[in-house]
Each structure stands twice: as C-alpha cells, then as structure tokens.
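Report on one structure; see the data block that follows.
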Ligand SMILES: Cc1cc2nc3c(=O)[nH]c(=O)nc-3n(C[C@H](O)[C@H](O)[C@H](O)COP(=O)(O)OP(=O)(O)OC[C@H]3O[C@@H](n4cnc5c(N)ncnc54)[C@H](O)[C@@H]3O)c2cc1C
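Numbering (my numbering), first residue to last: 19 to 398.
Written out as structure tokens, the structure reads:
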C-alpha cells in the first residue's frame, strides 16, 4: 500500500475543508485535501449573507441571486416582511460553490485527491490515515502531523477516533422551477404544521427554488414537506412533483450544536463535523468556513488547542443564545407566535438582521444579540 507523507491532511472538501486547505496552503504548509466524490452536490439552501462573501473569499461569480427581503410566517399564519437594508442573502448552488472553493485551495497549493477517508490506522505525534481512491478502489496511507476532519455529518473521522455522534435535526428538500415566485424574497414558515423545532423554507435562485423543511422527527418529513408545498403552491403534491420538480427530494441531517469536541491532540474537527451549525437559523456555510480557517490557523501556529480558544472568543456566545432560543422558545407554539410577531417592531427587526447579516464578532453585535434576547425573555 502506498504511503504519502504530508504536513496536514484535510478530510472532506465541502466549505469547511476547502477553507481549511486554502488557509493551510497560504501558511505554506504542505496539505492534502481528500474529497470522496468531486461531483457531489450537498442538499442545501446555499444562502450566505452578503457581508460574509468578501470575508470568506468567495468569488461573486457563484452568486445566483441576491435576496433583498425575507418573509416570516407564524404558526397562525401571520406574516412579517423584513427588508434586508443592511445587506442581502446571496443564493449559491452547492456543487458550484464547493468546487470553486476547492479550486481556490488547489490554486494556493493544496493537493486535492478524490478519495474516501476510511480510518485512522495509528495516532500519536504523527497520524496515519487509510483512504480509498475513487478511480480504482485502491487503498493507500497518508501520514501527517495534523488532520483537520471536515467530513460533515458522516463523522467518519470522529468515529474512528472514538467520538460519539451529536443529536440531529432532520431535513428534506428539493429544487423546484422558479415559476410564479418573487425572486427577491426568502420565506420561512414556522409552526408544527410546517416543521417541528425548525421551519419550512423557500430560497430563490435565478433558475431554481430551494424548498425544504426541518424536523426533529425524521418520520414526519415526507408528510410535512408535502403538506407545506400543497398549502404554499396551492397545488396537489403529485402535480408539483410532475410539473415543478427539478431535483428529487433528498433527506439530510443537520448536527445540533452541543458541547463540540474541537480537537483530540493533533486531530481537529471543523464544520458540521465540529457541529458548527447555528441553532434556529441552521446557517452552516459561514460558520463551517470560519471554523476551517481557525483550525488551520491553530495548526499553522503548532498549537491545536488555540482553535477552541479562538472559536470560543468569536462565536460561542451566539451559539449559546441561539441554543437557548431553540430549547425554550421553539418548543411552544404560543411562544413562536409571539416571538415572530415581536419582529413587526422595526427595532427588533434591525437587531435580528444585524445579528444575522453582519458577522463581525464586535461588542455592539453581541449587545444587540442580548438586547433581542431580553425582548424574548419578556414573553416567556
Ligand atoms: C437541507 C439543508 C439546507 C441548508 N441550507 C443552508 C443555507 O441556506 N445556508 C447555510 O449557511 N447553511 C445551510 N445548511 C447547512 C450547511 O449545508 C452545512 O452547515 C455546510 O455544508 C457544512 O459544511 P462542511 O464543509 O462542514 O460539510 P459538508 O458540506 O457536508 O461537506 C463535507 C464533505 O466531506 C465529504 N466527505 C464525507 N465523508 C468523507 C470521507 N470519509 N472521505 C472524504 N470525504 C468525505 C463529503 O462528500 C462533503 O463534500 C443547510 C443544510 C441542509 C441539510
């Protein structure tokens, strides 16, 4: 079996892995990025706040649409329309986004290999990993000083290192034709009918709508998405499938953020593999890329423990707040109703949007976060 030597191995070529590999290569660290399937398209709404595009080094060419408004529907069907005056939501298509980001990592010097990580063979000062090539099925070994595991919800690296899996929110989604839909608006529908502890969404690109739903109970996914589409598009689900579907419905899991393991010695976990999806909004692209960058920075400094410190300083408070909202507020329909109606107030809209659209971890954004939370506490 061939044995390749590199300073850093990145497992998984989604946004987290591509950002980690790019950052490692920029630090002149020899890097291999393993992606098991370069033609893979992750089921995802692909929405990224405009303020994050330059920060993350994402080329504008992958933006399929700029959404300028969101409409949030309460369990009782009340709606709140919000103009995103502080920015836009950029809608991307995930295959295009991921392959573009991997291309940037490769241009910076990372070596991208289409192979599947199978297991860690040995761990210690150096880590030996076993992988299988996609083209000929051959197994080979990679010995590295560091590993950044970005293999998403497969958790293959974490399992091989003996870690348990987190809890999940379950999703189902499809791409639909964008007929009769306002391409400037993202919709979020709350309430048990539309979702449990999550929401149903419509995110418009220029040539497709991403339509989906999240749920705590995977057995409810199919009936919930069918009911949502029928109500929203006022059509029978069979007609929607026949006339409007561009892709099949695909189920997928989102990790619930809770006590993540940042690193086991020289193996670091980033992106979904490190649970970095924001509770309630389920925004993961930004946080997965930032975690990949921070993990790479810690590796470059020769200090893997720095990753947890940097992440905690920048984002932990937001994740704790949103976890509390998820846990306490989304569990009761009346609370969701009042929480959404609270957003009819201009100042609450501004606070919520500042939080969502502007990612700088400044004192003022944190204070507005707490300000929003205080409004919510009043209704508990
Ligand atoms: C339905 C849905 C809608 C979403 N919508 C949004 C949204 O609109 N905006 C947003 O910000 N977030 C959204 N998210 C969350 C977002 O998709 C994820 O948080 C993000 O993709 C995480 O990036 P990642 O790189 O950590 O993992 P992934 O994107 O899952 O990438 C992991 C990569 O690792 C590869 N891989 C897996 N196992 C192995 C292995 N053993 N060896 C080699 N390679 C491997 C996979 O092929 C994949 O390319 C959504 C999630 C879902 C499920």
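Ideal Cβ positions, reconstructed from N, Cα and C, are used throughout, including at glycine.
Worksheet item: Measuring CA to CA, which of 143, 357, 184 and 299 is closest to residue 340?
Response: 299
Practice prompt. Please indicate yes or no: does the CB of residue 183 lie closer than 7 Å to some heavy atom of ligand 1?
Written response: no
Worksheet item: For the alpha helix (DSSP H) that residue 352 lies in, which residues bound it at each end?
Response: 351-360
Practice prompt. Helix, strand or coil for residue 84, going by three-state DSSP, please let me know.
Written response: strand
Worksheet item: Does at least one heavy atom of ligand 1 sit under 7 Å from the Cβ of residue 174?
Response: yes
Discussion item. Taking a contact to mean a Cβ-Cβ separation below 8 Å, would you say residue 189 touches residue 230 in this structure?
Written reply: yes
Discussion item. To the nearest angstrom, how far is the alpha carbon of residue 171 from that of residue 103?
Written reply: 34 Å
Item to complete: Would you please state the rounded distance, in angstroms, between the beta carbons of residue 51 and residue 28? I believe it to be under 8 Å.
Response: 5 Å
Discussion item. Tell me the rounded alpha-carbon separation between residue 26 and residue 151.
Written reply: 18 Å
Worksheet item: In this structure, does DSSP put residue 398 in helix, strand or coil?
Response: Because residue 398 sits at a pLDDT of 48, beneath the cut-off of 50, its placement in the model cannot be relied upon, and the point is left open.
Item to complete: Name the two residues that bound the continuous alpha helix (DSSP H) containing residue 280.
Response: Note, residue 280: premise wrong, no alpha helix (DSSP H); not H, not E.
Worksheet entry | Which listed residue (136, 125 and 195) has its alpha carbon closest to that of residue 258 | 195
Fill in: Beta-carbon contacts of residue 22 that lie in its chain and below 6 Å, excluding the five residues immediately before and after
160
Practice prompt. Rounded to whole angstroms, what's the CA-CA distance from residue 44 to residue 227? Just pull it up for me.
Written response: 36 Å
Practice prompt. Could you tell me the distance, in whole angstroms, from the CA atom of residue 114 to the CA atom of residue 105?
Written response: 22 Å
Worksheet item: Does the Cβ of residue 349 have 16 or more other Cβ atoms within 10 Å, making it buried, or fewer, making it exposed?
Response: exposed
Item to complete: Identify the continuous alpha helix (DSSP H) that holds residue 256 and give its terminal residues.
Response: 255-262
Item to complete: Would you give the residue range spanned by the alpha helix (DSSP H) that residue 56 belongs to?
Response: Per DSSP, residue 56 belongs to no alpha helix (DSSP H) and is neither H nor E.
Discussion item. Here's a check: name, in chain order, each residue in its chain whose Cβ is nearer than 6 Å to the Cβ of residue 232, leaving out the five neighbours to either side.
Written reply: 187, 189, 213 and 216
Worksheet item: Is the beta carbon of residue 261 within less than 7 Å of some heavy atom of ligand 1?
Response: no
Discussion item. For residue 177, which residues in the same chain have their Cβ closer than 8 Å to its Cβ, ignoring the five residues on either side in sequence?
Written reply: 183
Practice prompt. List the whole-angstrom C-beta distance separating residue 362 from residue 98, where the pair is believed to meet the contact cut-off of C-beta under 8 Å.
Written response: 5 Å
Discussion item. Between which residues of its own chain and residue 313 is the CB-CB distance below 6 Å, once the five residues before and five after are set aside?
Written reply: 38, 166, 286, 288 and 325
Item to complete: Report the rounded CA-to-CA distance for residue 281 versus residue 88, giving the unit in angstroms.
Response: 37 Å
Fill in: Cβ-Cβ distance between residue 223 and residue 82 below 8 Å
yes
Worksheet item: Any beta-carbon of chain D closer than 8 Å to the one on residue 178?
Response: Protein chain content of the structure displayed is limited to a single chain, and chain D is not contained in it.
Worksheet entry | Best match in 80, 132, 116 and 71 for proximity to residue 61 [C-alpha to C-alpha] | 116
Fill in: Straight-line gap, residue 277 to residue 262 (C-alpha atoms, nearest Å)
41 Å
Discussion item. Taking 7 Å as the cut-off, is the beta-carbon of residue 344 closer than that to any non-hydrogen atom of ligand 1?
Written reply: no
Discussion item. Based on DSSP bridge pairs, tell me the residues matched to residue 101.
Written reply: 87
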